[in-house]
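Residue numbering for the sequence shown follows this note's numbering, beginning at 84 and increasing consecutively.
Comments concern the structure below.
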Amino acid sequence: MQAKQVSLWTDEQLIDLLKQDDEAAFQRIYRKYVSKLYASAYNLLRDPVACEEIVQELFIQLWIKRHELEIKNLNSYLYMATRNRVLMGLRTKKIALDNDALEFLESNYSSDSLIREKQLNREIDNAILSLPEKCREIFILSRKQQLSNREIAELMNISVKTVENQITRALQKLRHSLKYYLLVIAICPWMIKYFF
Numbered sequence: 084m085q086a087k088q089v090s091l092w093t094d095e096q097l098i099d100l101l102k103q104d105d106e107a108a109f110q111r112i113y114r115k116y117v118s119k120l121y122a123s124a125y126n127l128l129r130d131p132v133a134c135e136e137i138v139q140e141l142f143i144q145l146w147i148k149r150h151e152l153e154i155k156n157l158n159s160y161l162y163m164a165t166r167n168r169v170l171m172g173l174r175t176k177k178i179a180l181d182n183d184a185l186e187f188l189e190s191n192y193s194s195d196s197l198i199r200e201k202q203l204n205r206e207i208d209n210a211i212l213s214l215p216e217k218c219r220e221i222f223i224l225s226r227k228q229q230l231s232n233r234e235i236a237e238l239m240n241i242s243v244k245t246v247e248n249q250i251t252r253a254l255q256k257l258r259h260s261l262k263y264y265l266l267v268i269a270i271c272p273w274m275i276k277y278f279f
């Protein structure tokens with residue numbers, strides 16, 4: 084395939100070609116997104132080396148897992164994958180935020196905080212409602228009413244271990260349901276109690 088033709092393909096076509104092992108399509112995706120993803124990571128971290136590593140690793144994984152990935156929107160997928168890699172780096176302490184980056188994150192996410200907070204609350208509420216009934220009830224008692232595991236066990240006449248297992252199950256399901264919001268959740272102090 085000629086380079087001129089590849090540059091005319093839509094993201095959907097590029098994804099299809101990528102799954103067919105088309106290196107030209109992969110190179111087109113790389114050239115189209117690498118600087119944008121680097122800028123996105125840099126806006127969050129302000130660390131050029133860490134950002135470069137995150138973006139390069141993302142593209143390596145994109146090529147390695149090209150047959151397994153179910154990508155509906157390439158742009159959204161790549162930006163969310165970048166944010167998730169930043170978050171994982173922060174959580175595993177492989178990446179550290181400097182004060183400037185932390186101030187940037189706080190100001191960036193507080194500018195539209197009311198709108199974002201409402202949207203995020205809706206997403207969290209919907210995710211909680213999708214939990215199985217017993218799991219949901221235990222999670223609400225734990226995170227919203229802030230009861231201890233022992234208090235929940237006594238209230239519901241179940242073992243503390245069952246409470247712990249149900250909370251772990253709820254957290255796994257919620258983290259999966261809300262994976263695209265994890266970075267926002269991680270930097271919003273009022274949400275930390277729900278997920279971490």
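In this text, a Cβ means the ideal position worked out from N, Cα and C, and glycines have one as well.
Everything numeric in this text was worked out from a predicted model, so none of it was measured.
Using the rule of at least 16 other Cβ atoms within 10 Å of the residue's Cβ for burial, across every protein chain shown, is residue i buried or exposed?
i, result
"Asp208", "exposed"
"Ser159", "exposed"
"Asp104", "exposed"
"Val246", "buried"
"Leu128", "buried"
"Arg168", "buried"
"Gln249", "buried"
"Ala86", "Annotation note: pLDDT 46 at Ala86 (below 50); position unreliable, no value reported."
"Arg233", "exposed"
"Arg282", "This structure gives no information on residue 282, because the portion of the chain shown stretches from 84 to 279."
Go to residue i, then tell me how far its alpha helix (DSSP H) extends in each direction, as first and last residue.
i, result
"Gln96", "Asp94 to Lys102"
"Leu230", "No alpha helix (DSSP H) contains Leu230, which DSSP labels as neither H nor E."
"Cys248", "It is worth fixing the name first, because residue 248 is Asn in this sequence and not Cys. Element bounds for Asn248: Val243 to Ser260."
Do residue i and residue j have their C-beta atoms within less than 8 Å of each other?
i, j, result
"Leu97", "Leu152", "no"
"Tyr116", "Leu170", "no"
"Ala164", "Leu214", "no"
How close, in whole Å, do the beta carbons of residue i and residue j come, if the pair is a contact with beta carbons under 8 Å?
i, j, result
"Ile235", "Ser225", "6 Å"
"Phe101", "Trp92", "The residue asked about is misnamed: residue 101 is Leu in this sequence, not Phe. Actually they do not touch by this definition, with Cβ atoms about 10 Å apart."
Using 7 Å as the cut-off, classify the Cβ of residue i as near or not near the heavy atoms of the ligand ATP, replying yes or no.
i, result
"Ile143", "Ligands in the displayed structure: none, and consequently the ligand ATP is not present."
The segment 114 to 122 in contact with the segment 131 to 150 per 3-pair CB rule at 8 Å: yes
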